[in-house]
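*Asks:* Just passing along the structure, written as structure tokens.
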DNA sequence: TTCCAGGTTTCCT
DNA sequence: AGGAAACATGGA
């Protein structure tokens, strides 16, 4: 798998961060626009896991058993600023490093987008996208359980309702950190959900019974170690990783690729069945009907190793 | 009421 | 392996 990743794994997070008093500066690559990523985040309706205010991002982040609330903002051309907002909280070195790692992963700062932009400039579907959204990163979901849940919740329902379900799930079973009287939520842990019953999830407003089963089953697989990021990363390629995921009830090809794209960061992950992707292609090419799968395969023939970024950029047209 | 939504499972050649 | 049918549920 390593040969497929666009990142340099020999570097550690400390190579990208520096202290700024109590706060932290994190280095951003050249092809990066804070505004563009902020604007992407602002398209989420009814998001329960972060808050946007005055150009700054507020989010609770857990690292092991610790957690804190951070404020992320644009600093200068080369850095973002991560501020630990809880005044009298002492931040352990492990938490500090973990937060930096999380933000680095969340914004996918390790990917060199130059080759993608070069390819996209010649691609009829992508050339407009990469101009319009220059500096946008594939903002991911670093936590595997969260990524799988979000995939499952989003299956075959409109996105607005998916956000409603996620909020109910988070606010019933997640943990809230309080700052200035406002709650900042951590996504429920697999450990928490693994012990619940379908009835308990249903009582929390998770109206689709099948989804409840899938959420609990996958939580148990993660808790008992059957399913992990390490296991998936050891797959030789996307196809094999997909096989590992699709074995699980509730995870089909779409969810598998969605998770491989947004959590495992596999460049070739490609949720080709995604109705949003279809609508976006239809929009960009001014088509009367949604493209067929065969047509999409043709259109994406030149995207090798950038399928996931291409998809992410095309989605951006939908909002 | 009908149709659609960031699909998956089941069942069928 | 690949394809059609069944399935579930809220919102427009």
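Residue numbers (the numbering used here): 1 to 319.
A virtual CB, placed ideally from N, CA and C, is assigned to each residue, including glycine.
Just so it is clear, the structure is predicted and the values come from calculations on it, not from any experiment.
Entirely within the stretch 146-219 and at least 3 residues each: give me those beta strand (DSSP E) ranges in chain order.
*Replies:* Qualifying beta strand (DSSP E) stretches, in chain order: 175-179 and 182-186.
*Asks:* Below 7 Å CB to CB, which residues in the same chain sit around residue 321 once its five sequence neighbours on both sides are set aside?
*Replies:* The structure shown does not extend to residue 321, since the chain is modelled only from 1 to 319, so the question has no answer here.
*Asks:* Going by C-alpha to C-alpha distance, which of 160, 241 and 125 sits closest to residue 286?
*Replies:* Considering only alpha carbons, the answer is 125.
*Asks:* Under three-state DSSP, which class holds residue 262?
*Replies:* Helix.
*Asks:* I need the straight-line Cα distance from residue 162 to residue 175, nearest angstrom please.
*Replies:* In a straight line, the C-alpha of residue 162 is about 20 Å away from that of residue 175.
*Asks:* Hey, would you say residue 185 sits closer than 9 Å to residue 142, going by beta carbons?
*Replies:* Result no, Cβ atoms of residue 185 and residue 142 do not sit closer than 9 Å.
*Asks:* Per DSSP, what kind of secondary structure is residue 14 in: helix, strand or coil?
*Replies:* DSSP places residue 14 in helix when its eight states are reduced to three.
*Asks:* Rounded C-beta distance between residue 241 and residue 266? I'm assuming under 8 Å.
*Replies:* The Cβ separation is near 7 Å, so the contact holds.
*Asks:* Between residue 130 and residue 120, which are expected to be in contact by the criterion C-beta below 8 Å, what is the C-beta distance as a whole number of angstroms?
*Replies:* Confirmed, about 4 Å.
*Asks:* Under 8 Å: do the stretch 62-81 and the stretch 190-207 share three or more Cβ pairs, one atom per stretch?
*Replies:* At 8 Å Cβ cutoff, the stretches do not touch.
*Asks:* Where do the N-terminal and C-terminal ends of the alpha helix (DSSP H) with residue 230 fall, by residue?
*Replies:* Per DSSP, residue 230 belongs to the alpha helix (DSSP H) from 229-233.
*Asks:* Which residues does DSSP list as the beta-bridge partners of residue 83?
*Replies:* Residue 83 pairs with 71.
*Asks:* Do residue 109 and residue 24 have their C-beta atoms closer together than 9 Å?
*Replies:* No, these two residues do not count as a Cβ contact at 9 Å.
*Asks:* DSSP on residue 353, reduced to helix/strand/coil?
*Replies:* Lying before the first or after the last residue shown, residue 353 is absent from the chain, which here runs from 1 to 319.
*Asks:* When the Cα atoms are used, what is the spatial distance from residue 88 to residue 68?
*Replies:* If I take the Cα positions, the gap works out to 12 Å.
*Asks:* Out of curiosity, what's the CA-to-CA distance linking residue 3 and residue 305?
*Replies:* With a pLDDT of only 39 at residue 3, under the threshold of 50, the placement of this residue in the model should not be trusted, and no figure is reported.
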